[in-house]
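Asks:
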Amino acid sequence: MIRVTAVEPSSIADELGLVAGTELLQVDGRPVEDFLDWEFLTAEEAFLLHVRQPDGEEIEFDIERPLGEPLGVSLEPARIRRCANRCDFCFVDGLPDGLREVLYIRDDDYRLSFRYGNFATLTNLKPRDVERIIEYRLSPLYVSVHATDPTVRRYLLRNPTAPEIIPQLRHFADHGIQFHTQVVMSPGVNDGAVLEQTMRELYQFGPAILGCSVVPVGLTEYSKHHLVREPTADECRAAIGLVEARAAIALRERGVHWAFGADELYLRAGVELPPAAIYDGFDQVENGVGSVRWLQQRIAEGTAALQGWAGRRIGVVTGTAMSPLMPMVLEPLAQATGARFELITVVNSLFGPSVTTAGLLPGTGLQSALAGRRDLDLALLPGESVNDDGLFMDSMSLALLSASVPMELRLSKDFVDALHEPVAA
Ligand code: SF4
Numbered sequence: 000m001i002r003v004t005a006v007e008p009s010s011i012a013d014e015l016g017l018v019a020g021t022e023l024l025q026v027d028g029r030p031v032e033d034f035l036d037w038e039f040l041t042a043e044e045a046f047l048l049h050v051r052q053p054d055g056e057e058i059e060f061d062i063e064r065p066l067g068e069p070l071g072v073s074l075e076p077a078r079i080r081r082c083a084n085r086c087d088f089c090f091v092d093g094l095p096d097g098l099r100e101v102l103y104i105r106d107d108d109y110r111l112s113f114r115y116g117n118f119a120t121l122t123n124l125k126p127r128d129v130e131r132i133i134e135y136r137l138s139p140l141y142v143s144v145h146a147t148d149p150t151v152r153r154y155l156l157r158n159p160t161a162p163e164i165i166p167q168l169r170h171f172a173d174h175g176i177q178f179h180t181q182v183v184m185s186p187g188v189n190d191g192a193v194l195e196q197t198m199r200e201l202y203q204f205g206p207a208i209l210g211c212s213v214v215p216v217g218l219t220e221y222s223k224h225h226l227v228r229e230p231t232a233d234e235c236r237a238a239i240g241l242v243e244a245r246a247a248i249a250l251r252e253r254g255v256h257w258a259f260g261a262d263e264l265y266l267r268a269g270v271e272l273p274p275a276a277i278y279d280g281f282d283q284v285e286n287g288v289g290s291v292r293w294l295q296q297r298i299a300e301g302t303a304a305l306q307g308w309a310g311r312r313i314g315v316v317t318g319t320a321m322s323p324l325m326p327m328v329l330e331p332l333a334q335a336t337g338a339r340f341e342l343i344t345v346v347n348s349l350f351g352p353s354v355t356t357a358g359l360l361p362g363t364g365l366q367s368a369l370a371g372r373r374d375l376d377l378a379l380l381p382g383e384s385v386n387d388d389g390l391f392m393d394s395m396s397l398a399l400l401s402a403s404v405p406m407e408l409r410l411s412k413d414f415v416d417a418l419h420e421p422v423a424a
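Going by numbering that gives the first Met the number 0, 145 is the number at position 146 of the sequence shown; the sequence numbering is gapless.
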C-alpha cells in the first residue's frame, strides 16, 4: 500500500474523489508497494484501481484515460532500503552527532539507483527485488562494485555474505539490464593489481557495463581513521595510470573511453584534468566524474543568453576541492557577462577541513563567509548543498540564511542556470 499526499486539482484523481490520505492498494489485482509499482502498473491506458479512502471505505475504479495523461497524485516518499554493509569508509560513520536523523540512514536502494543515479551495492536484494528489476526493466542501474574479487569486495563492504557481483550482474545483463559502475578506491585494499583486475573483468563482461569510474575514498574528521585512510598523491597517480590504460583499450576496441577517474582523483594526484571528450557524455557527472569539464561546457554553451550583468559583483561560494579549478571556469563567464566574479572558498566547519566538497558545506559556514559582504550584489551557492526541503547539512534553512546575509542568494548547479534573470537594481 502507498498513501496519496496530494491531489492535483481537476486531475483524473481529483475527479475520482481521491484525496490526501487515500491508500492505493492494488492495480489490476496486484499490490502497490511503492512508487515503482504505481508507475509501472498504471502505465497502461486502462486498469482497475483499488483504493481505501481515509474514512475506511474501499472502492474499485475502472480507469480509462488517454495514454500518458497523469493521474495527478503525489505519493508519500518511499521507505528507504537499508544497507546490509558496514564499509569502513561509510560517510554515515563520518557524520558528527546531532544532525538530522535521516542523515544517519545508510541507504542502499536499487529503486533510487534507477530513479536518481544513486549508487547501490545490490547486496540487500530479495528475490522479489530481482524480479522487479527485470520485469520493470530498471536500467541502467548505478552499482558500487569496488572490487570484482569476492573476498576483497566482502572485506571492503564488511559483509561476509555479500553475493558475488559478477554472477549477479550477469543474471541482470542476460535480461537486458545495463550498469554504470564505480570503484571507491581504498588504498592498500582495492587499488593496484585489484583495481586492474576489477576494471578488466568489468570491461570483459561486455556492453551491459557502460563504464566504470574510480573515486578515491573520502573521509571526515569523524571517520574510522584507524581502519581506513585516504590515498596519497602517488597512489592516485597510479590509479590514473590504470584508468587511462583501460580507457585506451576501450577506445581502440569499442570507440568509447569507458574508464574514468573522478575529478577528485586528479586533484589529489596533482594531475591536470583530462579534456571533456573523454567523459563519454558525462554519465557519472553527479558522482564527481567530469564535473569541472561539464561545468565549462555548460558555460560555453549558455553564456550568450545572459544579459544585464555588466558591472555586477557576484560571489561564488565553493568548497576547497573545486576552489583551485574555479578561476578557469569563472573567467569565460566574466568575459561573457561583464560581471565581476569573486571566488569565496569555505572550509567545512561541520565535518572538518578534509571534507572539501561544496555540496556538504553547512549553512552556518556560508553565513559566516557572507554575513559582512555588503559589496556583493549576489552570491551563488552550490545547488546540491540544500535538500528538497531547503535545508543545509546542519539543518539551517536557506530562508534563514537568506534573511541573515546582505545580498541576494541563488542556488546554482552550473552558474548559467542562476543568471538568466539579473538581480534587481
Ligand atoms: S554500502 Fe557502505 S558506504 Fe554505502 S551506505 Fe552501506 S555501509 Fe555506507
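Built from N, CA and C at the ideal position, the CB exists for glycine as well.
If you're wondering where the values come from, they're calculated on a predicted model, not measured in any experiment.
Identify whether H145 lies in helix, strand or coil by the three-state DSSP scheme.
Replies: Mapped onto the sequence shown, residue 145 falls at position 146. H145: coil per DSSP, three-state reduction.
Asks: Cβ-heavy atom distance between N84 and the ligand SF4 below 7 Å?
Replies: Position 85 of the sequence shown, counted from the start, is the residue given in the question as residue 84. Correct: N84 has its Cβ closer than 7 Å to the ligand SF4.
Asks: What would DSSP say about C89, mapped onto helix, strand or coil?
Replies: Within the sequence shown, the letter at position 90 stands for residue 89. Coil.
Asks: Just reading off the alpha helix (DSSP H) that P126 is part of, what are its end residues?
Replies: One-based indexing of the sequence shown puts residue 126 at position 127. First-last of the alpha helix (DSSP H) with P126: 126-134.
Asks: How would you call G260, buried or exposed, if buried means at least 16 neighbouring beta carbons within 10 angstroms?
Replies: Working through the sequence shown from its first residue, we reach residue 260 at position 261. Per the 10 Å Cβ criterion, buried.
Asks: Just to confirm my understanding: we take I343, look at its own chain, exclude 5 residues before and 5 after, and list those with CB closer than 6 Å. What are they?
Replies: To locate residue 343, count along the sequence shown from 1; it is residue 344. Only G314, V316, A368 meet the Cβ criterion.
Asks: For E285, which of helix, strand or coil comes out of DSSP?
Replies: As a working note, residue 285 is residue 286 in the sequence shown. Here E285 sits in helix by DSSP.
Asks: Can you determine whether any heavy atom of the ligand SF4 sits closer than 7 Å to the C-beta of L156, and answer yes or no?
Replies: On the sequence shown, position 157 is the one that residue 156 refers to. Result yes, Cβ under 7 Å from the ligand SF4.
Asks: Per DSSP, what are the beta-bridge partners of D106 in this structure?
Replies: Here the question's residue 106 lines up with position 107 in the sequence shown. Paired residue(s): R81.
Asks: Quick one: what's got a C-beta closer than 7 Å to V328's C-beta in the same chain, skipping five residues either side?
Replies: Within the sequence shown, residue 328 is the residue found at index 329, counting from 1. So the list reads V291, L294, Q295, I298, once near-sequence residues are dropped.
Asks: Compare the C-alpha of P76 against each of S112, D33, E43, C89 and name the closest.
Replies: By one-based count along the sequence shown, residue 76 stands at place 77. Of the candidates S112, D33, E43, C89, the one whose C-alpha sits nearest the C-alpha of P76 is D33.
Asks: Who are the Cβ neighbours of A338 in its own chain at under 6 Å, not counting the five residues just before and after it?
Replies: Locating residue 338 in the sequence shown gives position 339, where the first residue counts as 1. Once the five neighbours on either side are set aside, the close Cβ partners of A338 are W308, R311, I313.
Asks: In terms of DSSP beta bridges, what is S73 paired with?
Replies: Start at 1 with the first residue of the sequence shown, and residue 73 comes out as number 74. DSSP output for S73 lists A5 as bridge partner(s).
Asks: Give, in chain order, every unbroken run of the beta strand (DSSP E) that is at least 3 residues long and sits entirely within the region 254-313.
Replies: 258-260
Asks: With DSSP as the reference, label T180 as helix, strand or coil.
Replies: As a working note, residue 180 is residue 181 in the sequence shown. Note: T180 maps to strand in three-state DSSP.
Asks: Does the Cβ of Y103 have 16 or more other Cβ atoms within 10 Å, making it buried, or fewer, making it exposed?
Replies: For this step, residue 103 is matched to residue 104 along the sequence shown. Per the 10 Å Cβ criterion, exposed.
Asks: Tell me which residues share the same chain as P159 and place their Cβ nearer than 8 Å to its Cβ, disregarding the 5 neighbours each side in the sequence.
Replies: Numbered from 1 along the sequence shown, position 160 holds the residue referred to as residue 159. Contacts found: R153.
Asks: With distances taken from CA atoms, which of L218, R251, R253, A83 is nearest R105?
Replies: Locating residue 105 in the sequence shown gives position 106, where the first residue counts as 1. For the residues L218, R251, R253, A83, the minimum Cα distance to R105 belongs to A83.
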